[in-house]
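As structure tokens, the structure follows; a few thoughts come after it.
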Amino acid sequence: MEKPVILIVGSIDKEFYSILKPHAELKEIRPEKLIEDIRSADILVVRGDVKVTREILDKASRLRLIARAGSGLDNIDVSYANQKGIKVINTPDAPVDSVAELTIGLIISLARKILLLDRHVKSGGWREDWTTGLELKGKTLGIIGFGRIGTRVAIIAKALGMHIIAYDPYIPKAKAEEIGVELVEDLSKLLKLSDFISIHVPLTDETRNMIKAEELSLMKRGAYLVNTSRGPVVDENALYTALSSGWLGGAALDVLMEEPPSKNNPLLKLDNVILTPHIGGSTLEAQKRIAITIAEEILSFLRES
Numbered sequence: 227m228e229k230p231v232i233l234i235v236g237s238i239d240k241e242f243y244s245i246l247k248p249h250a251e252l253k254e255i256r257p258e259k260l261i262e263d264i265r266s267a268d269i270l271v272v273r274g275d276v277k278v279t280r281e282i283l284d285k286a287s288r289l290r291l292i293a294r295a296g297s298g299l300d301n302i303d304v305s306y307a308n309q310k311g312i313k314v315i316n317t318p319d320a321p322v323d324s325v326a327e328l329t330i331g332l333i334i335s336l337a338r339k340i341l342l343l344d345r346h347v348k349s350g351g352w353r354e355d356w357t358t359g360l361e362l363k364g365k366t367l368g369i370i371g372f373g374r375i376g377t378r379v380a381i382i383a384k385a386l387g388m389h390i391i392a393y394d395p396y397i398p399k400a401k402a403e404e405i406g407v408e409l410v411e412d413l414s415k416l417l418k419l420s421d422f423i424s425i426h427v428p429l430t431d432e433t434r435n436m437i438k439a440e441e442l443s444l445m446k447r448g449a450y451l452v453n454t455s456r457g458p459v460v461d462e463n464a465l466y467t468a469l470s471s472g473w474l475g476g477a478a479l480d481v482l483m484e485e486p487p488s489k490n491n492p493l494l495k496l497d498n499v500i501l502t503p504h505i506g507g508s509t510l511e512a513q514k515r516i517a518i519t520i521a522e523e524i525l526s527f528l529r530e531s
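This is the structure in structure tokens:
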């Protein structure tokens, strides 16, 4: 019997190959070859930077399954895939710890000016011109989006002595109360009360530009914003204005509107901004979990087909 063809666009941990090699023909391709090679694929495996559009799906005459090696699905036209009878799966649990730990690391880096002080010392400076930063204990952390990652961030931040409030209209209050988190009904209330705000929402029509000039103006003067979700959730022009004017104390962004950013992106020039290259889930442990989870789900799908 002919083995099913699995197209793989992007790197994936070797565990994936160990599990599936006996059961399928595994074919690695470059993103620009996808629209041509999709015709021969039974299963497609992609990372978050590969767009699976309507045009590609229309050429996918054999495709039965799309496996997103990661959590977000905003790069895939899921609705159209489902219309064509193509199942779409992802791995929302696998990167939770890694993204949450990065988030906490960014919050600490902002509070203690770690990156700025690192550059200061390396350029020959020492302590003379610097304040000592902020303690997190007793500060209020506002979490926008209280799903898997938001919940994990809350648990870690509580261990640091932070007071946690959260906004998520799709989560029952009881879930937040179980871990001692206050779920507020209004985003504006969270913005006004928080010393640090961390965003953990998927990119949808509802969340695109969720944080604009109006929302930023509601934040406390000197507050900090962290985004490890998706770049388009935050209006970068409005954020630049809030940061460069001194209204916000700083921001840490693992995601941007344009990735990689244009060299003309004004956020690159600000000392009170920390930027990382969308590496929230990029740990050895998370990538292994992603690979194993995807491979096992594909194997289960093949056995049931």
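So in our numbering the end of the sequence shown lands on 531, straight run, no missing numbers.
For each residue, glycine too, the CB sits at the ideal point set by N, CA and C.
- Nearest-angstrom Cβ-Cβ length linking A337 and L367, presumed shorter than 8 angstroms: To locate residue 337, count along the sequence shown from 1; it is residue 111. To locate residue 367, count along the sequence shown from 1; it is residue 141. Incorrect: roughly 11 angstroms between the Cβ atoms, too far for contact.
- Task: Report the residue from T509, K495, L496, E485 whose alpha carbon sits nearest the alpha carbon of P503.
- Result: If you number the sequence shown from 1, residue 503 lands on position 277. Among T509, K495, L496, E485, the Cα nearest to that of P503 belongs to E485.
- Query: Ends of the beta strand (DSSP E) at F422?
  - Reply: Numbered from 1 along the sequence shown, position 196 holds the residue referred to as residue 422. Run containing F422: 422-425, per the beta strand (DSSP E) assignment.
- Assigned exposure category for E441 - 16 Cβ within 10 Å defines buried: Counted from its first residue, the sequence shown places residue 441 at position 215. Buried, by the Cβ-count rule.
- Message: Taking 8 angstroms as the threshold (C-beta atoms), are A392 and G406 in contact?
- Response: The residue given as residue 406 occupies position 180 in the sequence shown. The residue given as residue 392 occupies position 166 in the sequence shown. No, these two residues do not count as a Cβ contact at 8 angstroms.
- Message: Can you look up G331 in the DSSP assignment and give me helix, strand or coil?
- Response: Reading the sequence shown from its first residue, position 105 is the one you call residue 331. Correct three-state label for G331: helix.
- Check whether P458 and L429 have beta carbons under 8 angstroms apart: In the sequence shown, residue 458 corresponds to position 232, counting from 1. In the sequence shown, residue 429 corresponds to position 203, counting from 1. The answer is yes: Cβ separation under 8 angstroms.
- Query: From N463 to D275, what distance separates their C-alpha atoms?
  - Reply: To locate residue 463, count along the sequence shown from 1; it is residue 237. To locate residue 275, count along the sequence shown from 1; it is residue 49. Rounded to the nearest angstrom, the two C-alpha atoms are 23 angstroms apart.
- Residue ranges of each alpha helix (DSSP H) within the segment 487-515, 4 or longer: none
- Assess, as a yes-or-no matter, whether the segment 296-303 is touched by the segment 317-333 under the definition of 3 or more beta carbon pairs within less than 8 angstroms. yes
- Task: Look at the alpha carbon of V452 and the alpha carbon of S420, and state the distance between them as a whole number of angstroms.
- Result: Reading the sequence shown from its first residue, position 226 is the one you call residue 452. Reading the sequence shown from its first residue, position 194 is the one you call residue 420. Using only the alpha carbons, I get a separation of about 12 angstroms.
- Taking the C-alpha atoms as reference points, what is the distance between A250 and R256? Within the sequence shown, the letter at position 24 stands for residue 250. Within the sequence shown, the letter at position 30 stands for residue 256. Their backbone Cα atoms lie some 19 angstroms apart in a straight line.
- Message: According to DSSP, is K418 part of a helix, a strand, or is it coil?
- Response: Here residue 418 refers to the residue found at position 192 when the sequence shown is read from its first residue. Helix, per DSSP.
- For I269, count neighbouring Cβ atoms within 10 angstroms of its own Cβ and tell me buried if that reaches 16, exposed if not. The residue labelled residue 269 in the question sits at position 43 within the sequence shown. With 16 or more Cβ atoms within 10 Å of its Cβ, I269 is classed as buried.
- Quick one: residues in its chain with C-beta nearer than 6 angstroms to the C-beta of L291, no 5 flanking neighbours on either side, listed in chain order? As a first step, residue 291 is located in the sequence shown; it is residue number 65 there, counting from the start. These residues qualify, in order along the chain: I269, K313, F527.
- Message: Quick check on I264: does DSSP put it in helix, strand or coil?
- Response: One-based indexing of the sequence shown puts residue 264 at position 38. Under the three-state reduction of DSSP output, I264 falls in the helix class.
- Message: Helix, strand or coil for A293? Go by DSSP, reduced to three states.
- Response: Indexing the sequence shown from 1 puts residue 293 at position 67. Correct three-state label for A293: strand.
- Could you check where the beta strand (DSSP E) with T190 kicks off and where it finishes? Only positions 227 to 531 of the chain appear in this structure, which leaves residue 190 out of reach.
- Using the DSSP secondary-structure output, state which residues sit across from I255 in a beta bridge. For this step, residue 255 is matched to residue 29 along the sequence shown. I255 is bridged to V235.
- Item | Cβ neighbour criterion (16 or more within 10 Å) applied to D461 | One-based indexing of the sequence shown puts residue 461 at position 235. Classification for D461: buried.
- Query: Since T454 contacts T329 with CB under 8 angstroms, what's their CB separation in whole angstroms?
  - Reply: Within the sequence shown, residue 454 is the residue found at index 228, counting from 1. Within the sequence shown, residue 329 is the residue found at index 103, counting from 1. That pair is a contact at about 5 angstroms.
- Near S414, what residues of its chain come up, given a Cβ to Cβ distance below 6 angstroms and the 5 sequence neighbours on each side ignored? By 1-based counting over the sequence shown, the position of residue 414 is 188. Cβ within range, chain order: L444.
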